[in-house]
Amino acid sequence: MASASSTAPGVTQTVTHGFAPLRAGQGISFLLRRLHSLTGILPVGAFLFEHILISNSTAISGPEAYARQVSFLANLPLVFFLELFGIWVPIAFHGLYGFYIWYRGDGNSVAYPWTGNWMYTAQRWTGGIAFAYIFWHVWTMRFTGVDLHASPMASFGKVQHEVFQTPLFLFYVAGLIAASWHFSYGIWLFSAKWGIVSGEKARKRFLALCLALFFVLTGAGLASLTSFRSRPQQPTEAGTAAMNHKSITESR
Ligand code: HEM
166 MASASSTAPG
176 VTQTVTHGFA
186 PLRAGQGISF
196 LLRRLHSLTG
206 ILPVGAFLFE
216 HILISNSTAI
226 SGPEAYARQV
236 SFLANLPLVF
246 FLELFGIWVP
256 IAFHGLYGFY
266 IWYRGDGNSV
276 AYPWTGNWMY
286 TAQRWTGGIA
296 FAYIFWHVWT
306 MRFTGVDLHA
316 SPMASFGKVQ
326 HEVFQTPLFL
336 FYVAGLIAAS
346 WHFSYGIWLF
356 SAKWGIVSGE
366 KARKRFLALC
376 LALFFVLTGA
386 GLASLTSFRS
396 RPQQPTEAGT
406 AAMNHKSITE
416 SR
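As structure tokens, then:
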């Protein structure tokens, strides 16, 4: 779909059909657009995929399995730097530059009223919702309350404490749907922009595959959330967790 946001100031790019591919010759903004596009897949998208489909899905097997997964991640070598450069900095860059792209965009859904264009608009809104959710989620899970890296056994209870509150549960669901949609349709956008999938037919088929991924991610996320809500509240105190940490390492 056409977008004025994909060109640098002073560069005219006319697109009458489809959407704007990434083009060279736009100086630093070209590089930043490429980097924005790339970070959406690697590492941010890859992390989202792992976070929903692997790490959080272990909650379906219960509190102990979940604690083992949290403990495994917490004990990765140089974990703080992995988080900093593998997750937080790329998300901050992709998110903040995404807002900039949105701010510079021309809101062209009226001029080009086809489905793809609505999806393009949805890409901005789902990014915005995901940004608010991720900021809050990282703040509450990683930087406030009981430290789950030191007390992984408190993980299940800490999540439960939030999702048992209906407004927070709904925020989790909104964040999950927004991030899953944004990433799934983002893969399609990425593939089209970088020329990985070309031709109307191939793009249509690939879009169906990306929509299937959206349902898989949302379904897996909802299944994990249901597991948290369907079990009795587990301990959330650091003391209990510290005592139980030994049993996690012993059960490995
Ligand atoms: C859950 C975290 C996120 C993931 C996994 C993710 C992933 C992606 C992917 C794969 C793309 C397609 C790349 C491309 O357009 O070439 C994309 C595009 C985009 N993202 Fe994100 N993103 C995330 C968060 C955000 C946030 C917080 C914002 C802030 C608004 C944002 C704004 C955008 C925008 C505006 C585009 C479209 C760029 C364009 O059309 O050229 N994203 N994202």
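The sequence shown begins at 166 in this note's numbering and counts up one residue at a time.
Ideal Cβ positions, reconstructed from N, Cα and C, are used throughout, including at glycine.
Owing to the predicted nature of the structure, the values given are computational and were not obtained by experimental measurement.
- Here R370 is exposed, its C-beta having fewer than 16 other C-beta atoms within 10 Å.
- Around F212, the same chain offers I252 as residues with beta carbons nearer than 6 Å, after the five sequence neighbours per side are excluded.
- One thing to note: A339 has its Cβ within 8 Å of the Cβ of I294.
- Shortest gap from the CB of F296 to any heavy atom of the ligand HEM: under 7 Å.
- Inclusion of T309 and E327 in the CB contact set at 8 Å is not warranted, their separation being larger than that value.
- Taking each of V324, F245, T291 and F355 in turn and checking the Cα distance to S345, the smallest one comes out for T291.
- Per DSSP, Q325 is one residue of the alpha helix (DSSP H) stretching across S320 to V328.
- Rounded to the nearest angstrom, the Cβ distance from I256 to I299 is 6 Å, consistent with a contact under 8 Å.
- For a cut-off of 8 Å, the C-beta gap from G263 to H201 is around 7 Å, short enough to register as a contact.
- Secondary structure within the region 342 to 378: not one fully enclosed alpha helix (DSSP H) run of 4 or more consecutive residues is present.
- Per DSSP, G310 lies in no alpha helix (DSSP H) and is assigned neither H nor E.
- A contact is defined here as three or more CB-CB pairs under 8 Å, and the region 350 to 359 fails this definition with respect to the region 321 to 337.
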